[in-house]
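Enquirer: Order-wise, the sequence lines are chains U and V. Numbers 1 to 193, taken from my numbering, label the letters of the first sequence in order. Numbers 1001 to 1193, taken from my numbering, label the letters of the second sequence in order. Quick reminder that beta carbons are idealized off the backbone N, C-alpha and C, glycines included.
Protein chains: 2
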Amino acid sequence: MPRKKQFNEEEILKKAMELFWEKGFHATSIQNLVTCLGINRASLYDTFGGKEELFNKVFERYRKDGGDTIQSTFDKEKSVKAGFCRLFEDAIEKAQNDMAQKGCFVVNTTTELIPGDETIHKALRKNKENIESIFISQIKKGIENGEIDASKDAESIGHMLFALFSGLQVMAKVDPDPNKLRKLLKSGLSVLD
Amino acid sequence: MPRKKQFNEEEILKKAMELFWEKGFHATSIQNLVTCLGINRASLYDTFGGKEELFNKVFERYRKDGGDTIQSTFDKEKSVKAGFCRLFEDAIEKAQNDMAQKGCFVVNTTTELIPGDETIHKALRKNKENIESIFISQIKKGIENGEIDASKDAESIGHMLFALFSGLQVMAKVDPDPNKLRKLLKSGLSVLD
DNA sequence: TTTGTATTGGAACAATCGTTCCGAAATATA
DNA sequence: TATATTTCGGAACGATTGTTCCAATACAAA
C-alpha cells in the first residue's frame, strides 16, 4: 500500500555527512541541508527526526566506519610499522585530495561540540578509547614479534600516536602540503625504532 | 567634553575571548555577548564594529599572546629539551585546570572556520609558520649545543612537535587526564634523544 | 551652568533559524 | 480500478539571528 521512498537513504546520509563535515554543526542550516540533499523539508524531519538527530546519526556512521577502516588497514599490512605508516600516509593523501579542506570530521566535532554536548562527548570518549586500544595492541604485537624494541612503553606510544594523528588532521586544514606532512610523519614514527 | 567610557576595553575583550573560546564563533550570539560582557548592545557595535570584527580582534590577541608566551618559555629554560618539556607541561596543566574544557582557541578556530574564512586562514598560516620556526630554531640551537644529536632533522621534528602540540589540545578536550597526557608527552619528546 | 559628545537602554529592523502542518500528488497493494 | 499510506511542495509558525536607530541619560570641558 505505501508509497516507496523516492530517495536512497544511504545517499542522503552521505550527502548530509559531507555538508556537516565541511561546515560543522552550527554553521549548517536546515535550508542548507534541504537544498544540498535534494529532498523535501518535511521528508527530512519524517525520516531523520531533525537537525540534531540527523547529525548524531551521521556522526556515529563516520566514527564507526573510521574505526573499522583503521583496524582493516593494520590487518592488510604485514608488519606493525608498515601498518602505522600506511595509516598516516592514507590520511595525508586524503588531506591532499580534499579540495574543501574539511579535515577530519571527528576532530572538527571534538573542538566544536565540546564543551556542551554530552552525547557527542561520550561518543568521542568511546572513539578515543577504541582507536587507542587498536594502536596499543598493535604496538604490543610488534614488541612480541621482536619488530619493536621491548624497552618501549606501548601505552605511552599509543597515546602519543593518537595525538599526533589528531594533530596532523588539524595541520592539514591550515597547510595540507604533503612534503611537510610526510616529514612530520617520519619523525613521529621514529618513536617505534 | 566627551564622556568617559564606563567599561574597561581590555576586560571586555578578555571576557569576549573567554566566550568565543568556549562556544566557538557560530554558537556565540550577540545576545550572549551583551549578557556576558555586561555592556550595551549599541556600545558593542560602536566600540568593536560587530561580531566578526570583535572575533577577529579577540583572536589576533590570543594568537599573538600565545606566540610570545611560547618564545618566553624557551627563553626562561636553560636547555632546549627543558624548554619543550616546560611548554608541553604547561599546556597539560592548563588543560587540567580548565573546568570548561575549552581546549586551545587557535585549534578550535582552525577546525571551525576553515574552510570559508580567508582572513582567519591567513592568520592561522602565519601563526603556524611563526611557532614552527621557533620550534625549529630551538632544535637547531640544541644541535649546535651538542644537546641534540646532529643526525636529527630539525625541520621534521619541528613540524612533528607542532602537530603533537595541536593534537594534545584536541585530546585534552575529550579526556584531560594528566597521566595519559604526560605519558604521551614523554614519548613525543623522546624524538629529541 | 551650559555645552557637546558618548554611552545607555530599549525598540525595531529584515533575515534567518529550526520546526510544524496541510492539501495535493504518487504509488504499492487489494 | 479503488484504497490506503506516504512523500511532496510550500506556506507558516514563533523564536532568534546580526544589525541599526533613537531618545534619554551621563559626564568632562568651557
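Tell me whether Pro1027/V sits in a helix, a strand or coil according to DSSP, three-state version.
Expert: As a first step, residue 1027/V is located in the second sequence; it is residue number 27 there, counting from the start. The question names Pro, but residue 1027/V is Ala in the sequence shown. Coil.
Enquirer: Identify, in the order they occur along the chain, each residue of the same chain with its Cβ nearer than 6 Å to the Cβ of Leu197/U, setting aside the five sequence neighbours on each side.
Expert: Residue 197/U lies beyond the range of chain U shown here (1 to 193); nothing can be said about it.
Enquirer: Of all Cβ atoms in chain V, is any one closer than 7 Å to the Cβ of Val106/U?
Expert: The residue you call residue 106/U lines up with position 106 of the first sequence. It does not: the Cβ of Val106/U has no partner Cβ on chain V nearer than 7 Å.
Enquirer: Let me check understanding here. Comparing Cα to Cα, which of Ser1029/V, Val1080/V, Phe1088/V and Lys1023/V lies closest to Ile1143/V?
Expert: The residue labelled residue 1143/V in the question sits at position 143 within the second sequence. Checked all of Ser1029/V, Val1080/V, Phe1088/V and Lys1023/V; the closest Cα to Ile1143/V is Val1080/V.
Enquirer: Can you list the residues of chain U that Arg1061/V reaches, using a CB-CB cut of under 8 Å?
Expert: Numbered from 1 along the second sequence, position 61 holds the residue referred to as residue 1061/V. Chain U residues near Arg1061/V: none, gap ~19 Å exceeds 8 Å.
Enquirer: What does a CB cutoff of less than 8 Å around Glu60/U pick up in its chain, not counting 5 residues either side in sequence?
Expert: Counted from its first residue, the first sequence places residue 60/U at position 60. These residues qualify, in order along the chain: Ala123.
Enquirer: Please return the same chain residues whose Cβ sits closer than 7 Å to the Cβ of Gln96/U, not counting the five positions on each side in sequence.
Expert: As a first step, residue 96/U is located in the first sequence; it is residue number 96 there, counting from the start. Within the same chain, Gln96/U has close Cβ partners Pro176 and Pro178.
Enquirer: How many whole angstroms separate the CB atoms of Lys57/U and Leu13/U, which I take to be in contact at a CB cut-off of 8 Å?
Expert: As a working note, residue 57/U is residue 57 in the first sequence. As a working note, residue 13/U is residue 13 in the first sequence. About 7 Å separates the two Cβ atoms, so the contact holds.
Enquirer: Using a cut-off of 7 Å between C-beta atoms, extract the partners of Lys173/U located in chain V.
Expert: Translated into positions along the first sequence, residue 173/U becomes position 173. Those within 7 Å of Lys173/U in chain V are Thr1110, Thr1111 and Ile1114.
Enquirer: Under 8 Å, with one C-beta from each stretch per pair, do the segment 1106 to 1113 of chain V and the segment 1007 to 1025 of chain V reach the 3-pair mark?
Expert: Touching, yes.
Enquirer: Could you say which of His26/U, Glu77/U and Tyr45/U lies nearest to Glu9/U if we only look at CA atoms?
Expert: Working through the first sequence from its first residue, we reach residue 9/U at position 9. Glu9/U has its Cα closest to that of Tyr45/U, out of His26/U, Glu77/U and Tyr45/U.
Enquirer: Could you name the residues of the same chain whose beta carbon sits closer than 7 Å to that of Lys1173/V, not counting the 5 residues immediately before and after it, in chain order?
Expert: Taking the first residue of the second sequence as position 1, residue 1173/V is located at position 173. So the list reads Gln1101 and Gly1103, once near-sequence residues are dropped.
Enquirer: Listed in chain order, which residues of the segment 1155 to 1174 of chain V have Cβ atoms closer than 9 Å to some Cβ of chain U?
Expert: The residues in question are Glu1155, Ser1156, Ile1157, Gly1158, His1159, Met1160, Leu1161, Phe1162, Ala1163, Leu1164, Phe1165, Ser1166, Gly1167, Leu1168, Gln1169, Val1170, Met1171, Lys1173 and Val1174.
Enquirer: Whole-angstrom Cβ separation of Gly1067/V and Ile1131/V, contact assumed at under 8 Å?
Expert: For the purposes of this step, residue 1067/V is identified with residue 67 of the second sequence, where counting begins at 1. For the purposes of this step, residue 1131/V is identified with residue 131 of the second sequence, where counting begins at 1. With a Cβ gap of about 6 Å, Gly1067/V and Ile1131/V count as contacting.
Enquirer: Excluding five sequence neighbours on each side, which residues of the same chain lie with their C-beta closer than 7 Å to the C-beta of Cys85/U?
Expert: Position 85 of the first sequence, counted from the start, is the residue given in the question as residue 85/U. Only Leu189 meet the Cβ criterion.
Enquirer: Please identify the residue among Glu1147/V, Lys1094/V and Leu1164/V whose C-alpha is closest to the C-alpha of Lys1128/V.
Expert: On the second sequence, position 128 is the one that residue 1128/V refers to. The candidate whose alpha carbon is nearest that of Lys1128/V is Leu1164/V.
Enquirer: On a CA-only basis, which of Ser1156/V, Lys1183/V and Lys1015/V is nearest Leu1054/V? Give me that one, please.
Expert: Residue mapping note: residue 1054/V aligns to position 54 of the second sequence, counting from 1. Ranking the options by Cα distance to Leu1054/V, first place goes to Lys1015/V.
Enquirer: So if I threshold CB-CB distances at 7 Å, which residues from the segment 123 to 147 of chain U count as touching chain V?
Expert: Cβ contacts with chain V come from Leu124, Arg125 and Lys128.
Enquirer: Just to confirm my understanding: we take Asn145/U, look at its own chain, exclude 5 residues before and 5 after, and list those with CB closer than 6 Å. What are they?
Expert: On the first sequence, residue 145/U is found 145 positions in, with the first residue counted as 1. Here the set comprises nothing.
Enquirer: Measuring CA to CA, which of Leu1184/V, Gln1169/V and Lys1152/V is closest to Lys152/U?
Expert: Locating residue 152/U in the first sequence gives position 152, counting from the first residue. Closest option to Lys152/U, Cα to Cα, is Leu1184/V.
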